[in-house]
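Input: a single structure, listed below in structure tokens.
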Amino acid sequence: MLEIIELTGGNIIATKASGKLKKEDMEKIRPLIHAILDKGMKVHWYFEMEDFTGWDLSGFWEDLKMDTTHAQDYEKIAMVGDKKWQDWITQFMKPFTNAEVKYYDLEDRETAKKWIKKNLLSKGTNEN
Numbered sequence: 000m001l002e003i004i005e006l007t008g009g010n011i012i013a014t015k016a017s018g019k020l021k022k023e024d025m026e027k028i029r030p031l032i033h034a035i036l037d038k039g040m041k042v043h044w045y046f047e048m049e050d051f052t053g054w055d056l057s058g059f060w061e062d063l064k065m066d067t068t069h070a071q072d073y074e075k076i077a078m079v080g081d082k083k084w085q086d087w088i089t090q091f092m093k094p095f096t097n098a099e100v101k102y103y104d105l106e107d108r109e110t111a112k113k114w115i116k117k118n119l120l121s122k123g124t125n126e127n
């Protein structure tokens, strides 16, 4: 399941994943990405994983398509989780995007949220 969570900022997408992600979950994100891109901004994505077990095949395929299509549209990605393999995924992503990608443990989620919001004011993208 993928839940959209509230995190203020004009170019922030914030999600919380649990269980297995399916194609329908990944399709929730596409309009959010396009809304940010239509404003001429790059995406800051906060991706929290709690009790997250991965993707089913259709969800993985949809995620892969989205990531390759929008690889250059992300500026920052904060991956927040509680498993070593989630940190490994973060490291694996780095060569495929120009975005700054960081992994945080769940107990550091507030630090991750501050980092994903950092520099929004200086770029004129904060909507607070």
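Reminder that position 37 of the sequence shown reads as 36 in numbering that gives the first Met the number 0, one-by-one numbering, no gaps. All C-beta atoms in this analysis are idealised placements derived from N, C-alpha and C, irrespective of residue type, glycine included.
Query raised in the report: Can you tell which of Asp37, Ser57 and Ile11 has its C-alpha closest to the C-alpha of Glu26?
Result: Here residue 26 refers to the residue found at position 27 when the sequence shown is read from its first residue. When each option's Cα is compared against that of Glu26, the closest is Ser57.
Query raised in the report: Would DSSP call Ala16 helix, strand or coil?
Result: Counted from its first residue, the sequence shown places residue 16 at position 17. The answer is strand: DSSP assigns Ala16 an E or B state.
Query raised in the report: Nearest to Met65 by CA position, among Asp86, Ile4, Ile28 and Lys83, is which residue?
Result: Residue 65 sits at position 66 when you count from the first residue of the sequence shown. Ranking the options by Cα distance to Met65, first place goes to Ile28.
**Report entry** Under 7 Å between C-beta atoms of Leu31 and Leu1
**Finding:** On the sequence shown, residue 31 is found 32 positions in, with the first residue counted as 1. On the sequence shown, residue 1 is found 2 positions in, with the first residue counted as 1. For Leu31 and Leu1, no; Cβs fall outside 7 Å.
Report task. Taking Thr77 as part of the beta strand (DSSP E), name the residues at either end of that continuous run. Result -> Numbered from its first residue, the sequence shown carries residue 77 at position 78. Note that residue 77 is Ala in the sequence shown here, rather than Thr. Here the beta strand (DSSP E) through Ala77 covers Tyr73 to Gly80.
Query raised in the report: Shortest alpha-carbon distance to Tyr45 belongs to which of Asp81, Thr14, Pro94 and Glu109?
Result: Here residue 45 refers to the residue found at position 46 when the sequence shown is read from its first residue. Answer by Cα proximity: Thr14.
Query raised in the report: Can you tell me whether DSSP reads Ile28 as helix, strand or coil?
Result: Counted from its first residue, the sequence shown places residue 28 at position 29. In this structure, Ile28 counts as coil in the three-state DSSP scheme.
Requested in this report: Flag this pair as yes or no: are the beta carbons of Ala77 and Trp114 separated by less than 7 Å?
Outcome: As a working note, residue 77 is residue 78 in the sequence shown. As a working note, residue 114 is residue 115 in the sequence shown. Against a cut-off of 7 Å, the Cβ pair of Trp114 and Ala77 comes out as a contact.
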